[in-house]
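Step one of this worksheet: look at the structure below.
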Amino acid sequence: MANLTILRTYALKDPANISPSVLFRSSEKFLTIFDAYPKSIFHFLVLPRLTKDEGGFSEGDTANLKALLKADKQKAKELIESMKAEALEVKKEMEEEMVERYGYKWDSWVGFHAVPSMVHLHLHVLSADLVSERMKNKKHYNSFHPSLGFFLHVDEVLSWFDADTTYFNRMAQLTPKPYEDLLKRDLECWCCRAGMKNIPKLKEHLQEEWDKHAVKAKRAAQKRKATSDGDCLSVPQVYEGSASKRAKTAEPEPVE
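Letter 152 of the sequence shown, counting from 1, is numbered 149 in my numbering, and no numbers are missing.
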């Protein structure tokens, strides 16, 4: 059984005591770790650190997004905005690695799972491809489908704070049943919306779409003289970081 509290364990640790195979980067307020079971070529988790500083959030407040939204509203907004800012820094580093490894960069997604199964708030930063050998089942895929609704883009969540109170309160409930039903929806390509019979067919299709995209992107990059390296179009492998480090010791989130 997966260790569902491993993220909280990391959040309580001094970054110096976290293995480099797990930790990607750290700051005063946040840790970014490699997702142990990445669902895209690049996949990271941004975690708010838990410290004893006064004015910080309690472990209960940061159990998940729902718990945070029940806490002080202004402080919750500020934390999510700070997590987004940290995620954008991660995205910059990720894009540099994209260019170094493939000769070009592509889109990424930043967001929360509406009903996460792991304890401790975490923000996903992943490349927009969903090409990974770790994509094993329908729940995995639907939980990251960018337009299905289970994956809540960070800007969408931030927009709730600017809406009227009634709307905010309704969205902040994050009632599990409707979101969990989304995980059972039929499979479809997130890019072209083509229906797929099963995960193997979907993964084959996504790989084909990625390969076509890669060829076009490489040609465009070559025209811009963005790179003069060798063949950047070998079948992409799951990201292991510049120093071939990856989170092999962290436990997975069952849905993710």
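We put the CB at the ideal spot given by N, CA and C, even for glycine.
Starting from residue i, follow its DSSP beta bridges and name the residues at the other end.
i: His40; result: Leu123
i: Pro197; result: Note: Pro197 sits in no beta bridge, so no partner.
i: Gly108; result: His121 and His150
i: Tyr31; result: In the sequence on display, residue 31 carries Phe and not Tyr. For Phe31, which the question treats as bridged, DSSP gives the partners Phe41.
i: Gly57; result: Gly57 is not bridged to any residue.
i: Glu206; result: Bridge partners of Glu206: none, in fact.
i: Glu185; result: Gly192
Can you name, in chain order, every residue of its own chain whose Cβ lies under 6 Å from the Cβ of residue i, other than the five neighbours on each side?
i: Lys74; result: Phe158
i: Glu92; result: Lys102
i: Ala214; result: Tyr101
i: Leu171; result: Lys63 and Ala111
i: Leu199; result: Leu184 and Met193
Reducing DSSP to helix, strand and coil, say where residue i ends up.
i: Val96; result: helix
i: Thr6; result: helix
i: Asn14; result: helix
i: Arg22; result: strand
i: Leu155; result: helix
i: Leu179; result: helix
i: Leu65; result: helix
i: Glu83; result: helix
i: Glu75; result: helix
i: Glu130; result: coil
i: Met115; result: coil
i: Lys213; result: helix
i: Tyr275; result: No statement about residue 275 is possible, as the shown extent of the chain runs from -2 to 253 and does not include it.
i: Pro143; result: coil
i: Lys89; result: helix
If residue i and residue j are in contact, beta carbons under 8 Å, what's the gap, nearest whole angstrom?
i: Ala60; j: Val116; result: 6 Å
i: Ser37; j: Ser140; result: That pair is no contact at about 12 Å.
i: Val96; j: Arg22; result: So it is not a contact: roughly 18 Å between Cβ atoms.
i: Thr29; j: Glu83; result: 7 Å
i: Leu9; j: Leu62; result: Leu9 to Leu62, Cβ: 19 Å. No contact.
i: Trp106; j: His150; result: 7 Å
i: Ile196; j: Lys136; result: Wrong, their Cβ atoms sit about 10 Å apart, outside the cutoff.
i: Leu76; j: Phe54; result: 7 Å
i: Pro35; j: Arg131; result: 6 Å
i: Leu155; j: Glu78; result: 7 Å
For residue i and residue j, I'd like the C-alpha separation in whole angstroms.
i: Pro175; j: Ala111; result: 10 Å
i: Gln204; j: Asp161; result: 42 Å
i: Arg167; j: Glu177; result: 17 Å
i: Met80; j: Asp208; result: 32 Å
i: Ser16; j: Tyr7; result: 10 Å
i: Ala217; j: Leu127; result: 22 Å
i: Leu85; j: Ala211; result: 23 Å
i: Phe27; j: His202; result: 36 Å
i: Glu25; j: Asn14; result: 15 Å
i: Phe39; j: Ala68; result: 32 Å
i: Lys70; j: Phe165; result: 10 Å
i: Glu94; j: Phe31; result: 14 Å
i: Gln219; j: Pro173; result: 47 Å
i: Val122; j: Arg221; result: 27 Å
Just to confirm my understanding: we take residue i, look at its own chain, exclude 5 residues before and 5 after, and list those with CB closer than 7 Å. What are they?
i: Leu179; result: Asn139, Leu145, Gly146 and Phe147
i: Glu185; result: Ala191, Gly192 and Met193
i: Ala64; result: Gly57 and Asp58
i: Leu66; result: Ala73 and Ala169
i: Asp1; result: According to the sequence as given, residue 1 is Leu; it is not Asp. Hits under 7 Å: Ser114, Met115 and Val116.
i: Pro12; result: Leu20, Ser23 and Leu28
Please go through the same chain and pick out, in chain order, the residues whose beta-carbon is closer than 8 Å to the beta-carbon of residue i, but skip the five residues on each side of it.
i: His119; result: Leu4, Leu42, Val43, Leu44, Phe109 and Pro113
i: Cys189; result: Glu206
i: Ser129; result: Pro35, Lys36, Ser37, Ile38, His40 and Val235
i: Asp104; result: Ser124 and Ala125
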